[in-house]
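*Asks:* Below is the structure I would like to discuss, written out as structure tokens.
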Amino acid sequence: MKKTKIFKSGNSLAVRIPKGYHINAEEVYITKYDNKLVIFPEKEKWDVLFEILEELDEMERKDFLKNRNQPEPQERELF
């Protein structure tokens, strides 16, 4: 992950895309997932979107219970 700049271009905001993130496309799609912006090429819009959403979901699941205070499992009688 790299840090980049957001700047004003007319009445819109623009994002400077770093050299290592070159995309072979003249147009891209952009979507907002929670508080994250996701940019992907038009030709692969659904495949790329689902892959990205899956990766984001996995990252959130890894950290979700990280600092949770979990009690020890209880032993119970079987029926």
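Take the position in the sequence shown, starting the count at 1, then add 27; the result is the number in our numbering. For each residue, glycine too, the CB sits at the ideal point set by N, CA and C. On a predicted model such as this, the values are computed, not experimentally measured, just so you know.
Compute the beta-carbon to beta-carbon distance between LEU83 and TYR60, rounded to the nearest angstrom, for a pair I have assumed lies under 8 Å.
*Replies:* Position 56 of the sequence shown, counted from the first residue, corresponds to residue 83. Position 33 of the sequence shown, counted from the first residue, corresponds to residue 60. Correct: roughly 6 Å between the Cβ atoms.
*Asks:* With DSSP run on the structure shown, which of helix, strand or coil describes LYS59?
*Replies:* Within the sequence shown, residue 59 is the residue found at index 32, counting from 1. The answer is strand: DSSP assigns LYS59 an E or B state.
*Asks:* Mapping DSSP to helix, strand and coil, what is LEU76?
*Replies:* Looking up residue 76 in the sequence shown gives position 49. Residue state, collapsed to three classes: helix.
*Asks:* Using three-state DSSP, classify LYS46 as helix, strand or coil.
*Replies:* Position 19 of the sequence shown, counted from the first residue, corresponds to residue 46. Three-state DSSP puts LYS46 in a helix.
*Asks:* Do you know offhand how far TYR48's Cα is from GLU85's?
*Replies:* As a first step, residue 48 must be located in the sequence shown, where it is residue number 21. As a first step, residue 85 must be located in the sequence shown, where it is residue number 58. Computed Cα separation, rounded: 22 Å.
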